[in-house]
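Enquirer: The structure is given below, and queries will be raised subsequently.
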Amino acid sequence: MSAATTDPIWRAPRLPFSLTLALLLVLSVFLLSCETLGKVGEFLDSISDGAACTENFECLGGRCLTARAGYPGGYCTTLQCDKQGCSGFSSECFRTKIDNVEVAACYEMCRFDGSCRREAEGYACVVLEDVQVCLPPNATNATPQGAVGSGCTNDLQCGQGGTCLTNLFGGYCTRLGCDGSASCPTKSTCVTLNPDAAAADQVDGCLATCAADGDCRHGYACQTYQGSKVCVEADRVETKNPDGVDDGKTCVANVNCKGNTCIREAEGADGQMSFPGGYCTTRNCKDDTDCNGSSICISRERSTTCMASCAADSDCRTGYKCRAGIEGNKFCDSKVEYIAPDTTGANLFDIKCGASKALTFTVPAGAIGFYIAPFTSNSRPIKPTTMRLPNGSTLNIETEYKFHAINPLILESLAPILFPASNDARFSNGFGPGQYTLNVQSDSSSICYYMIPKMSAGTKLDVNIYLVGVPNLTAATAAANTNMKQVVQVMQSIYTSMNVQVRVANYVDPSKATIDNYSMLRDFGDIFGLVATSEAQGSTVDESLAVNVFLINDFAISEAPGLLGVSAGLPGMAGVHGNSGSGLVFSTASLGRDNATLGQTMAHEIGHFLGLRHTTEHQGAEHDPITDTPQCIYPNLGYLCSDAKNFMFPFSLGNDQRLTTPGQSFVVKRSPLVK
12 MSAATTDPIW
22 RAPRLPFSLT
32 LALLLVLSVF
42 LLSCETLGKV
52 GEFLDSISDG
62 AACTENFECL
72 GGRCLTARAG
82 YPGGYCTTLQ
92 CDKQGCSGFS
102 SECFRTKIDN
112 VEVAACYEMC
122 RFDGSCRREA
132 EGYACVVLED
142 VQVCLPPNAT
152 NATPQGAVGS
162 GCTNDLQCGQ
172 GGTCLTNLFG
182 GYCTRLGCDG
192 SASCPTKSTC
202 VTLNPDAAAA
212 DQVDGCLATC
222 AADGDCRHGY
232 ACQTYQGSKV
242 CVEADRVETK
252 NPDGVDDGKT
262 CVANVNCKGN
272 TCIREAEGAD
282 GQMSFPGGYC
292 TTRNCKDDTD
302 CNGSSICISR
312 ERSTTCMASC
322 AADSDCRTGY
332 KCRAGIEGNK
342 FCDSKVEYIA
352 PDTTGANLFD
362 IKCGASKALT
372 FTVPAGAIGF
382 YIAPFTSNSR
392 PIKPTTMRLP
402 NGSTLNIETE
412 YKFHAINPLI
422 LESLAPILFP
432 ASNDARFSNG
442 FGPGQYTLNV
452 QSDSSSICYY
462 MIPKMSAGTK
472 LDVNIYLVGV
482 PNLTAATAAA
492 NTNMKQVVQV
502 MQSIYTSMNV
512 QVRVANYVDP
522 SKATIDNYSM
532 LRDFGDIFGL
542 VATSEAQGST
552 VDESLAVNVF
562 LINDFAISEA
572 PGLLGVSAGL
582 PGMAGVHGNS
592 GSGLVFSTAS
602 LGRDNATLGQ
612 TMAHEIGHFL
622 GLRHTTEHQG
632 AEHDPITDTP
642 QCIYPNLGYL
652 CSDAKNFMFP
662 FSLGNDQRLT
672 TPGQSFVVKR
682 SPLVK
């Protein structure tokens, strides 16, 4: 790969009048009727990067790589993509050579499962610059996707019988359960991943073999492990694109960024532009030293990424705001408008609003705990700070209860919190009957809250499943669908081990507008918009106390590739629907191919929504407040961690992470959603 040239090699030709007219005609029809949305998508796919072609004018990007050049059936691409970006919904820009000329060109990325749409023509998924792209045979000497040691975000990308170790840098394809090196594919060997564990708990897996560092992909080094030279994580990851710009700077493609990831700007369902101008980042950081410029390493769902640090909004680019992350450090993030609960008219949960920032409420006799949800009606930030208890003492939430004080960092204007959220003796019986005063910090003059007392430990959990553009699945067919049943059964089995019975109370077909806007999510902000479309599926308190699960077609979020599911809140907004904290979202890209992992992921994210933390947080900085969950110094060690098979471990290591503990059951049963 070569460095970028200052002047363009050539300009992509302008679209001819015939193609421009065709685009206008299709888009005009679309504007007249949303029924053509699918046809518009199909048409754009047929002219985007990676599509078949014979002439340049047939490609949206203006260049057709022909069969004569080694691309069977022709291959559309976009040149000068380092300046103008790629053409289409799923392609990436690389510096390469075409006709012996150094260029920046776009290649189509592989599907979620590591396959290519043109496999029948000889195209295969390979790993190029740590990105999975579809190329013809002999187009590059890149590693085939699925080979042991190749990068991945899910098990499907590792082929039949493969497992993706997401704890390792960029993911690592392996074969678990090997029995000697003869049982591993070529160029790999069998080792024990956790040699210090008891014999019955040891896990064997295949690692890529090597002779020198150059045999390993970026981020890995050739080291001796258990007598074999294998590719393992390097102690220090070198900057991917030294000539790129720092994290937080503008970009249109990965090649613009030192960290090799560009979060592209995208228009949300609300018409607002997220990450305007693009935003460079470095994914899979271990700590701040892996970041470029004045940026910091933060957790982003079940992964990490680097974001530009800040002290105030004025330190950030236009269209961005300075916000605090779960780790406590502040960073520049794309603006998100959070949707507050409706406070007009009657409601089932006695929502109270006023100017006071001291929220006084009474927990009734016999209660074993409570859930309280402070929020602002005008979407201004709010943060619980202290709480006066019935015995006159004061609990400092930001220090003594910080393990559950993270919603202000996730939802900003919504700050639900559960008491108790730990089985530790200090908290487990510390929130009984009496008068409490919760003090909150906010610049809003309209502070609202509702409180739900917990009278006894619950045993039943209801779930409403919304089907948002899931192919071949509707509310009428979902309950009988074999794949859907398998996903639900895995999720149910995990909660059954905690003596909680999960029931799918309703399958819901959302509005056509919701499906059109949210079936494919390209930005975290749209997650909050989607869950805000939730509605109570009945008029009683019991019917309202249900978890809203939104199943979408897929995520396409640059800073979190392979994302399977997200909980909007920890805990989420219980009982009150139609706001940015009232649900969870899951991709169904693996439905029918890896139902076990999807069911396991659903159980994990529902655990967050009910109030559970990861057993060990990213980078090992924090652990959950539960006394009987194992702890790990550094969760990136994967199977070396004693909590690796717990369903709340932060990384996916296959589909056997289903263990629970009595302490986790204690917390789940205190949620108002578990009845």
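The sequence shown begins at 12 in this note's numbering and counts up one residue at a time.
Beta carbons: idealized from backbone N, C-alpha and C, even for Gly.
DSSP three-state call for residue 529: helix, strand or coil?
Expert: Position 518 of the sequence shown, counted from the first residue, corresponds to residue 529. In the structure shown, residue 529 sits in a helix (DSSP, three-state: H, G or I).
Enquirer: Mind checking whether the beta-carbon of residue 268 lies closer than 7 Å to any heavy atom of the ligand MG?
Expert: This structure lacks the ligand MG; in fact it carries no ligand of any kind.
Enquirer: Figure out for me which residue from 521, 130, 637 and 451 has the closest Cα to the Cα of residue 439.
Expert: Here residue 439 corresponds to residue number 428 of the sequence shown, with the count starting at 1. The shortest Cα separation from residue 439 among 521, 130, 637 and 451 belongs to 637.
Enquirer: When the Cα of residue 265 is compared with those of 103, 149 and 211, which residue comes out closest?
Expert: Residue 265 sits at position 254 when you count from the first residue of the sequence shown. When only C-alpha atoms are compared, the closest one is 103.
Enquirer: Rounding to the nearest angstrom, what Cα-Cα distance links residue 177 and residue 238 in this structure?
Expert: To locate residue 177, count along the sequence shown from 1; it is residue 166. To locate residue 238, count along the sequence shown from 1; it is residue 227. Going from the Cα of residue 177 to the Cα of residue 238 covers about 25 Å.
Enquirer: Per the DSSP calculation, residue 634 is bridged to which residue(s)?
Expert: Position 623 of the sequence shown, counted from the first residue, corresponds to residue 634. Beta-bridge pairing links residue 634 to 627.
Enquirer: Take residue 217 as the anchor and find which of 540, 200 and 519 has the nearest alpha-carbon.
Expert: Position 206 of the sequence shown, counting from 1, holds the residue named residue 217. Nearest C-alpha to residue 217: 200.
Enquirer: Taking the straight line between their C-alpha atoms, what separation do you get for residue 469 and residue 62?
Expert: Within the sequence shown, residue 469 is the residue found at index 458, counting from 1. Within the sequence shown, residue 62 is the residue found at index 51, counting from 1. Taking the straight line joining both Cα atoms gives about 54 Å.
Enquirer: Does DSSP put residue 647 in a helix, in a strand, or in coil?
Expert: To locate residue 647, count along the sequence shown from 1; it is residue 636. Residue 647: helix per DSSP, three-state reduction.
Enquirer: If you compare alpha carbons, which of 574, 575, 516 and 526 is closest to residue 548?
Expert: Numbered from its first residue, the sequence shown carries residue 548 at position 537. Taking only the C-alpha atoms, the option nearest residue 548 is 516.
Enquirer: Assess, as a yes-or-no matter, whether the stretch 633-649 is touched by the stretch 667-674 under the definition of 3 or more beta carbon pairs within less than 8 Å.
Expert: Short answer: they touch.
Enquirer: According to DSSP, is residue 38 helix, strand or coil?
Expert: The residue given as residue 38 occupies position 27 in the sequence shown. Annotation note: pLDDT 40 at residue 38 (below 50); position unreliable, no value reported.
Enquirer: If we count Cβ pairs, one from each stretch, closer than 8 Å, do we get three or more for the stretch 567-579 versus the stretch 471-484?
Expert: The stretch 567-579 vs the stretch 471-484: no contact.
Enquirer: Can you list, in chain order, the stretches of the alpha helix (DSSP H) that have 4 or more residues and sit fully within the stretch 473-556?
Expert: Those alpha helix (DSSP H) runs which fall completely within the stretch 473-556 and span 4+ residues are 493-507, 523-529, 535-542 and 552-555.
Enquirer: Spatial neighbours of residue 379 within its chain, please: CB distance less than 6 Å, with the 5 preceding and 5 following residues excluded, ordered by chain position.
Expert: Position 368 of the sequence shown, counting from 1, holds the residue named residue 379. Cβ within range, chain order: 465.
Enquirer: Tell me whether residue 355 sits in a helix, a strand or coil according to DSSP, three-state version.
Expert: As a first step, residue 355 must be located in the sequence shown, where it is residue number 344. Looking at residue 355 - three-state DSSP - the assignment turns out to be coil, as it is neither helix nor strand.
Enquirer: Looking only at its own chain, which residues have a Cβ that is under 8 Å from the Cβ of residue 667, when we skip the five neighbours before and after it?
Expert: Locating residue 667 in the sequence shown gives position 656, where the first residue counts as 1. Contacts found: 656.
Enquirer: From which residue to which residue does the alpha helix (DSSP H) around residue 578 run?
Expert: Here residue 578 corresponds to residue number 567 of the sequence shown, with the count starting at 1. Run containing residue 578: none in the alpha helix (DSSP H); it sits in the beta strand (DSSP E), 576-578.
Enquirer: Here's a check: name, in chain order, each residue in its chain whose Cβ is nearer than 8 Å to the Cβ of residue 601, leaving out the five neighbours to either side.
Expert: The residue labelled residue 601 in the question sits at position 590 within the sequence shown. Closer than 8 Å at Cβ, skipping near neighbours: 123, 124, 165, 167, 575, 608 and 609.
Enquirer: Decide yes or no for the touch test of the stretch 484-493 against the stretch 394-405: beta carbon pairs closer than 8 Å, at least 3 of them.
Expert: Output reads no: the stretch 394-405 does not touch the stretch 484-493.
Enquirer: Starting from the Cα of residue 183, find the closest Cα among 204, 173, 617 and 160 and give me that residue.
Expert: Walking along the sequence shown from the start, residue 183 turns up at place 172. Here the closest residue by C-alpha is 160.
Enquirer: On the CB-based measure, 16 or more other CB atoms within 10 Å of its CB, does residue 149 come out buried or exposed?
Expert: Translated into the one-based positions of the sequence shown, residue 149 becomes position 138. With fewer than 16 other Cβ atoms within 10 Å, it is exposed.
Enquirer: Determine whether the beta carbon atoms of residue 680 and residue 511 lie at a separation below 8 Å.
Expert: Within the sequence shown, residue 680 is the residue found at index 669, counting from 1. Within the sequence shown, residue 511 is the residue found at index 500, counting from 1. It is a contact, given that the beta carbons lie within the stated cut-off.
Enquirer: Is the stretch 129-147 in contact with the stretch 90-99, if contact means three or more CB pairs nearer than 8 Å?
Expert: The stretch 129-147, when compared against the stretch 90-99, does not touch it at the 8 Å Cβ threshold.
Enquirer: Quickly, what does DSSP pair residue 379 with across the bridge? List them, please.
Expert: Against the sequence shown, residue 379 aligns to sequence position 368. Its beta-bridge partners do not exist; DSSP assigns none.
Enquirer: Identify which residue in 603, 619 and 534 has its Cα closest to the Cα of residue 277.
Expert: In the sequence shown, residue 277 corresponds to position 266, counting from 1. It is 534 whose Cα lies nearest to the Cα of residue 277.
Enquirer: Would you tell me roughly how many angstroms separate the C-alpha atoms of residue 444 and residue 545, rounded to the nearest one?
Expert: By one-based count along the sequence shown, residue 444 stands at place 433. By one-based count along the sequence shown, residue 545 stands at place 534. Roughly 32 Å between the two C-alpha positions.
Enquirer: If I measure Cβ to Cβ from residue 221 and keep anything under 7 Å in the same chain, skipping five residues before and after, which residues do I get?
Expert: Here residue 221 is taken as the residue at index 210 of the sequence shown, counted from 1. Excluding residues within five positions, the ones whose Cβ falls inside 7 Å are 227, 233, 240, 241 and 242.
Enquirer: How about the stretch 341-352 and the stretch 379-392: do they share at least three Cβ pairs that are nearer than 8 Å?
Expert: With a cut-off of 8 Å, the stretch 379-392 and the stretch 341-352 count as touching, because enough Cβ pairs lie within range.
Enquirer: Identify which residue in 190, 284, 654 and 296 has its Cα closest to the Cα of residue 330.
Expert: Mapped onto the sequence shown, residue 330 falls at position 319. With distances taken between Cα atoms, residue 330 lies closest to 284.
Enquirer: Based on Cα-Cα distance, which residue from 83, 81 and 119 lies nearest to residue 72?
Expert: As a working mapping, residue 72 is identified with position 61 in the sequence shown. Selected option, being the one with the closest Cα: 119.
Enquirer: Look at the Cβ atom of residue 359, then the Cβ atom of residue 552, and state whether they are nearer than 8 Å.
Expert: Along the sequence shown, one-based indexing puts residue 359 at 348. Along the sequence shown, one-based indexing puts residue 552 at 541. Cβ atoms of residue 359 and residue 552: closer than 8 Å.
Enquirer: When we look at the beta-carbon of residue 53 and count the other beta-carbons within 10 Å, is it buried (16 or more) or exposed?
Expert: Numbered from 1 along the sequence shown, position 42 holds the residue referred to as residue 53. Classification of residue 53: exposed, given that the 10 Å Cβ count is below 16.
Enquirer: Taking the alpha-carbon of residue 419 as reference, which of 372, 394 and 432 has the nearest alpha-carbon?
Expert: Taking the first residue of the sequence shown as position 1, residue 419 is located at position 408. Comparing Cα-Cα distances from residue 419 to each of 372, 394 and 432, the minimum goes to 394.
Enquirer: Mind listing, in chain order, the continuous beta strand (DSSP E) runs of no fewer than 3 residues lying wholly within the stretch 204-265?
Expert: The stretch 204-265 contains these whole beta strand (DSSP E) runs: 215-219, 231-236 and 239-244.
Enquirer: On the criterion of 16 or more Cβ atoms from any shown chain inside 10 Å, does residue 467 qualify as buried, or is it exposed?
Expert: Here residue 467 refers to the residue found at position 456 when the sequence shown is read from its first residue. Under this definition residue 467 is an exposed residue.
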